[in-house]
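Trainee: Quick one: the structure is below, questions incoming.
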Amino acid sequence: MQDEYLLRRAPAPSPYVPSRLVLKLPPTAIAATCEMLQRAGRREACVFWYGDRDGDVAMVRSARAPRQQSTPGNYHVEADAMREMVHDLPDGWKPLAQIHSHPGANTEHSRYDDAMISSRRILSLVFPAYGMQTAPWPQGIGVHEWQNDYWHMLAPRQVQDRLVMMPGPALDKRDFR
Ligand SMILES: [Zn+2]
Numbered sequence: 001m002q003d004e005y006l007l008r009r010a011p012a013p014s015p016y017v018p019s020r021l022v023l024k025l026p027p028t029a030i031a032a033t034c035e036m037l038q039r040a041g042r043r044e045a046c047v048f049w050y051g052d053r054d055g056d057v058a059m060v061r062s063a064r065a066p067r068q069q070s071t072p073g074n075y076h077v078e079a080d081a082m083r084e085m086v087h088d089l090p091d092g093w094k095p096l097a098q099i100h101s102h103p104g105a106n107t108e109h110s111r112y113d114d115a116m117i118s119s120r121r122i123l124s125l126v127f128p129a130y131g132m133q134t135a136p137w138p139q140g141i142g143v144h145e146w147q148n149d150y151w152h153m154l155a156p157r158q159v160q161d162r163l164v165m166m167p168g169p170a171l172d173k174r175d176f177r
């Protein structure tokens with residue numbers, strides 16, 4: 001398997017247009033995500049966020065890590081591991097984001113990431129340094145959204161409008177590894 005950071009992609013064909021969509025994110029979801037990413041050690045890993053959506057506003061209720069293969073420069077999830085992860089998801093909870101870690105500070109999508117994202121209707125977040133928190137949220141996090149045939153990486157100000165940290169209901173945290 002090739003290290004994904006070798007797979008640079010083409011630049012955005014057009015600028016990202018900010019949407020009205022907001023993802024509300026409890027601080028517990030970030031802590032749980034970092035902890036599950038760090039469990040892979042010096043290897044890449046992935047975590048998924050689920051929750052409910054009401055109009056333009058979605059709230060993260062669950063952070064789940066599927067069974068997966070982790071290597072220093074790559075990760076992979078089989079379809080049956082995805083099914084296992086969601087089989088007991090409460091009714092009405094939807095996929096909201098796919099998160100994975102990168103080795104260093106570069107949190108831009110690779111061509112591998114463009115291909116591996118499970119849905120174009122969710123956000124794709126890349127955490128640096130194998131999930132170690134290197135700066136206050138959301139600095140250093142790569143937030144990507146699909147728009148006009150491209151996974152746009154949002155500018156810092158766009159990230160602050162799109163992801164709003166606020167306390168929420170108790171988080172459902174599950175690790176299937
Ligand atoms: Zn990646």
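Counting with full-length UniProt numbering, you get residues 1 to 177 for the letters of the sequence shown.
Every residue gets a Cβ at the ideal spot worked out from N, C-alpha and C, and that includes glycine.
Under 6 Å from any heavy atom of ligand 1, by CB: list those residues in chain order, please.
Mentor: E4, H100, H102, S110, D113, V126
Trainee: Name the DSSP beta bridge partners of A32, please?
Mentor: The sequence position of residue 32 within the sequence shown is 32, counting from 1. According to DSSP, which records beta bridges pairwise, A32 is partnered with nothing at all.
Trainee: To the nearest angstrom, how far is it from the Cα of A170 to the Cα of E84?
Mentor: Counting from one through the sequence shown, the residue named residue 170 turns up at place 170. Counting from one through the sequence shown, the residue named residue 84 turns up at place 84. Roughly 22 Å between the two C-alpha positions.
Trainee: Within the same chain, show all residues whose beta-carbon is closer than 7 Å to that of R53, passing over the 5 residues directly before and after it, in chain order.
Mentor: Indexing the sequence shown from 1 puts residue 53 at position 53. If we look at R53 and ignore the five residues flanking it on each side, its Cβ neighbours are K94.
Trainee: Measuring straight from C-alpha to C-alpha, what distance separates E44 and V22?
Mentor: Residue numbering aside, residue 44 sits at position 44 when the sequence shown is read from its first letter. Residue numbering aside, residue 22 sits at position 22 when the sequence shown is read from its first letter. Roughly 27 Å separates the two Cα atoms.
Trainee: Among residues of its own chain, excluding the 5 on either side of D172, which ones have a beta-carbon nearer than 7 Å to its beta-carbon?
Mentor: Against the sequence shown, residue 172 aligns to sequence position 172. Result list for D172: R61, S62, in chain order.
Trainee: Using DSSP with H/G/I as helix, E/B as strand and the rest coil, what is Q147?
Mentor: Sequence index remark: in the sequence shown, residue 147 carries index 147 (1-based). In the structure shown, Q147 sits in a strand (DSSP, three-state: E or B).
Trainee: Report the rounded CA-to-CA distance for H76 versus L25, giving the unit in angstroms.
Mentor: Taking the sequence shown and counting its residues from 1, one reaches residue 76 at position 76. Taking the sequence shown and counting its residues from 1, one reaches residue 25 at position 25. So the alpha carbons of these two residues sit roughly 25 Å apart.
Trainee: Could you tell me the alpha carbon to alpha carbon distance between residue 210 and P72, rounded to whole angstroms?
Mentor: A question about residue 210 goes unanswered here, because the residues of the chain that appear run from 1 up to 177.
Trainee: Between the beta-carbon of Y130 and the beta-carbon of L37, is there less than 9 Å?
Mentor: Stepping through the sequence shown from its first residue, residue 130 is reached at position 130. Stepping through the sequence shown from its first residue, residue 37 is reached at position 37. Going by C-beta atoms, Y130 is nearer than 9 Å to L37.
Trainee: Give a yes or no on whether the C-beta atoms belonging to W151 and I30 are separated by under 9 Å.
Mentor: If you number the sequence shown from 1, residue 151 lands on position 151. If you number the sequence shown from 1, residue 30 lands on position 30. No, they are not a contact pair.
Trainee: Output the distance between the C-alpha atoms of Q98 and T28, rounded to the nearest integer angstrom.
Mentor: In the sequence shown, counting from the first residue as 1, residue 98 sits at position 98. In the sequence shown, counting from the first residue as 1, residue 28 sits at position 28. Cα to Cα, the separation comes out at about 16 Å.
Trainee: How far does the alpha helix (DSSP H) with A115 in it extend, from its first residue to its last?
Mentor: Within the sequence shown, residue 115 is the residue found at index 115, counting from 1. Looking at the DSSP string, the run of the alpha helix (DSSP H) that includes A115 is 111-116.
Trainee: For residue 201 and A155, I'd like the C-alpha separation in whole angstroms.
Mentor: Residue 201 cannot be examined here, being either before or after the span of the chain that is shown, 1 to 177.
Trainee: Following the continuous beta strand (DSSP E) through R61, name the residue where it begins and the one where it ends.
Mentor: The residue labelled residue 61 in the question sits at position 61 within the sequence shown. The continuous beta strand (DSSP E) containing R61 extends over residues 57-65.
Trainee: So, helix, strand or coil for L171, using DSSP?
Mentor: For the purposes of this step, residue 171 is taken as residue 171 along the sequence shown, with counting starting at 1. Reduced to three states, the DSSP call for L171 is coil.
Trainee: Between which residues of its own chain and R64 is the CB-CB distance below 6 Å, once the five residues before and five after are set aside?
Mentor: Position 64 of the sequence shown, counted from the start, is the residue given in the question as residue 64. Excluding five sequence positions before and after R64, the CB atoms of its chain that fall closer than 6 Å to its own CB belong to F48, M85, R174, given in chain order.
Trainee: Going by the CB atoms, is the gap between A79 and Q68 shorter than 9 Å?
Mentor: Reading the sequence shown from its first residue, position 68 is the one you call residue 68. Reading the sequence shown from its first residue, position 79 is the one you call residue 79. Against a cut-off of 9 Å, the Cβ pair of A79 and Q68 comes out as no contact.
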